[in-house]
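Trainee:
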Amino acid sequence: MPARQTATPRLRQFLAAGSAALVLLLTVLAASPELHHWLHSDSDQESHECAVVLYASGVALAVGAVCVAAGAAVWHVRPGVSVAEILLALPRYLRQPERGPPVG
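Just so we're aligned: the sequence shown equals residues 51 to 154 in our numbering.
#1: Kindly indicate the opening and closing residues of the alpha helix (DSSP H) around E135.
#2: Would you mind sorting M51 into buried or exposed? The rule is 16 or more other CB atoms within 10 Å of its CB.
#3: What would DSSP say about M51, mapped onto helix, strand or coil?
#4: Provide the residue span of the alpha helix (DSSP H) that contains S107, from first to last.
#5: Could you check whether V102 and L74 sit closer than 8 angstroms to each other, using their CB atoms as the reference points?
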């Protein structure tokens, strides 16, 4: 069992690093037509469609949103804590800030 528990976080880290590297690669290829042309030579054609072109134009996959039903929420009311003595702090000033000296 310990091998499976350590493999899952490492797999997630690997997938996260791979996804970040893919986004960075697509961004660099979309920003540089020379690198895109180096990747495949037909990149300058009108009807060319690849992941770089789709990423550069902002096209997203039309994947439906996954709706997950949430479980019923249980509300637990905790009894309030009452204080036997109210402790007030003394102000650091003689007059409240919004009040000035008396007009006389």
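Cβ coordinates follow ideal geometry from the N, Cα and C atoms, glycine included.
Mentor: Checking against the coordinates, here is how it stands:
#1: In the sequence shown, residue 135 corresponds to position 85, counting from 1. E135: not part of any alpha helix (DSSP H); DSSP gives it neither H nor E.
#2: Reading the sequence shown from its first residue, position 1 is the one you call residue 51. Reliability of the predicted coordinates at M51 is poor, the pLDDT of 46 falling under 50, and no value is obtained from them.
#3: Your numbering for residue 51 matches position 1 in the sequence shown. Caution is warranted here: a pLDDT of 46 is assigned to M51, below 50, making its placement in the model unreliable, and no coordinate value can be reported.
#4: In the sequence shown, residue 107 corresponds to position 57, counting from 1. Taken as a continuous stretch (DSSP letters only), the alpha helix (DSSP H) holding S107 covers A101 to S107.
#5: Within the sequence shown, residue 74 is the residue found at index 24, counting from 1. Within the sequence shown, residue 102 is the residue found at index 52, counting from 1. Result no, Cβ atoms of L74 and V102 do not sit closer than 8 angstroms.
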